[in-house]
Each structure stands twice: as structure tokens, then as C-alpha cells.
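Asks:
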Ligand code: TYC
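Numbering (the numbering used here), first residue to last: 56 to 157.
#1: Give a single yes or no on whether residue 87 has its beta carbon closer than 8 Å to a heavy atom of the ligand TYC.
#2: In angstroms, rounded to a whole number, what distance separates the CA positions of residue 80 and residue 153?
#3: Within 10 angstroms of the Cβ of residue 66, are there 16 or more other Cβ atoms? Answer buried if so, exposed if not.
#4: Can you tell me where the beta strand (DSSP E) holding residue 81 begins and where it ends?
#5: So, is residue 134 buried or exposed, given that buried needs 16 or more other C-beta atoms within 10 angstroms?
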């Protein structure tokens, strides 16, 4: 048996990269938070443009909910909390939730 037979595996292992599960951050509509404040929160927490923030806010306003973006679990949960806390600090019921994709 030559060295090459010993060293070379019959099967080349394919590296299997597990992608982390992604979580949606969902904006929930309410009757009290001012539209402009929702836009400011979306820009600050999710780094959207004014135009993107306005469209997301209006989708939640009209349909009840809107997916803002997807992140790893920790990032999704901390951004949802940050946005919800910004509303609470002004006395608004603004709320974001998270849910796993798929
Ligand atoms: N519905 C609110 C209003 O009419 C605005 C609003 C939009 C609040 C989206 C929350 O997620 C929301 N002032």
C-alpha cells in the first residue's frame, strides 16, 4: 500500500454549513401611535430610508401587520424590544413581535 492510498480518503467530506434560522420582526398596528412616530422608530431601529419606513408603516396601518425584516434570533428579539421600548417611553402602545421564518 502506497502512502497516497493511506492518506487519501475514499469519500471526500463535504463541509455542511448549517444556516442559522431567521426570525421575522413584525410591526403591529394600533389606533394611538402617531404615523410619523412609527416612521421615526423604523428609521432609527431598522436603518430604513424614509420611503421604506413610510411603506412599512402604511402596510401595518392598512393590513394590521407588516414584516419589517428578518434577522438571527438575538438580533430580531433585541430590535423588536428596542422599537417597542421607544414607543413605551412616549406612552404609545407601539408593538413589534418576532416569529421564526418558515
Ligand atoms: N394606526 C396608527 C394611526 O392611525 C398609525 C400606526 C401605523 C400605528 C402602524 C402603528 O404599526 C403601526 N395613528
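Note that beta-carbon positions come from the ideal geometry of N, C-alpha and C, so glycine has one too.
Replies: A quick look at the data gives this:
#1: yes
#2: 5 Å
#3: exposed
#4: 77–83
#5: buried
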